[in-house]
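Numbering (our numbering), first residue to last: 158 to 373. Don't be surprised by glycine CBs; every beta carbon is placed ideally from N, CA and C. All of these numbers come straight from a predicted model, not from anything done at the bench. Only one structure is covered here, and it is reproduced in the block below.
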């Protein structure tokens, strides 16, 4: 019984350890242009302050790289796993605990690690999880953030919005950004899809993949 209790206590620790220490074969592409083959470990939802652990051989002592030193991470088949870009981004997000608007009107500029959600011929979708999910689009030349902006409802708005119980108003700025890549005005189905796209992985991926398939 004591052994079983000890194993149950150990399981979360083992899970946490594997989350950060599981290595996979691949390539580390540095901003200097150098590409190094070896084994890499990083958090799936890495923030700009996280680091990448790298070792050339299994028994080597790992080296630690900041994301600012890295251009890309590729898997053993040279498929992109992470891309690092320097971009100015909006930091606003909604707290999941009390639905407060956090970091209102705040921005930051610097290297960020982006994870690919969809890689297309013309458009690709990337995500960064930094206290909340953020999305970015890449057209082969430039990375742009697909942002949402938030503001609290005024007293009058709250009065007329009582039944819906909203605390804040959302502006889907990302829809204006995407309109620069595709003319939604001439495509009723795509216009409907854009209007009903949610700010989450699956919905954004569907929209970007549809746009990409229609672009020449």
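Rounded separation between residue 256 and residue 329 - CA only: Translated into the one-based positions of the chain shown, residue 256 becomes position 99. Translated into the one-based positions of the chain shown, residue 329 becomes position 172. The alpha-carbon atoms of residue 256 and residue 329 are separated by roughly 17 Å.
Helix, strand or coil for residue 195? Go by DSSP, reduced to three states. Your numbering for residue 195 matches position 38 in the chain shown. In this structure, residue 195 counts as strand in the three-state DSSP scheme.
Does the contact criterion of 3 or more C-beta pairs under 8 Å hold for the segment 209-228 versus the segment 276-293? no
Kindly indicate which three-state DSSP category residue 294 falls into: helix, strand or coil? On the chain shown, residue 294 is found 137 positions in, with the first residue counted as 1. Strand at residue 294.
Once the 5 residues before and after residue 360 are set aside, which same chain residues still bring their CB inside 7 Å of it? Counting from 1 along the chain shown, the entry for residue 360 is found at position 203. The residues are 354.
If we ignore side chains and look at the alpha-carbon of each, how far apart do residue 351 and residue 216 end up? Here residue 351 refers to the residue found at position 194 of the chain shown. Here residue 216 refers to the residue found at position 59 of the chain shown. Near 50 Å, if we compare the C-alpha coordinates of residue 216 and residue 351.
Looking at residue 241: is its Cβ nearer than 8 Å to the Cβ of residue 229? One-based indexing of the chain shown puts residue 241 at position 84. One-based indexing of the chain shown puts residue 229 at position 72. Going by C-beta atoms, residue 241 is nearer than 8 Å to residue 229.
Rounded to whole angstroms, how far is the Cβ of residue 187 from the Cβ of residue 197, which I believe are closer than 8 Å? As a working mapping, residue 187 is identified with position 30 in the chain shown. As a working mapping, residue 197 is identified with position 40 in the chain shown. Not confirmed; about 12 Å, so no contact.
At what residues does the alpha helix (DSSP H) containing residue 348 begin and finish? Reading the chain shown from its first residue, position 191 is the one you call residue 348. Note, residue 348: alpha helix (DSSP H), 345-352.
Residue 372 lies in the alpha helix (DSSP H); which residues open and close that run? Working through the chain shown from its first residue, we reach residue 372 at position 215. It is not in any alpha helix (DSSP H) - residue 372 carries neither H nor E in the DSSP assignment.
With DSSP as the reference, label residue 336 as helix, strand or coil. Within the chain shown, numbered from 1, the residue matching residue 336 stands at position 179. DSSP places residue 336 in coil when its eight states are reduced to three.
By the 10 Å Cβ neighbour count, where 16 or more other Cβ atoms means buried, how is residue 372 classified, buried or exposed? For this step, residue 372 is matched to residue 215 along the chain shown. Counting Cβ neighbours within 10 Å, residue 372 comes out exposed, since fewer than 16 surround it.
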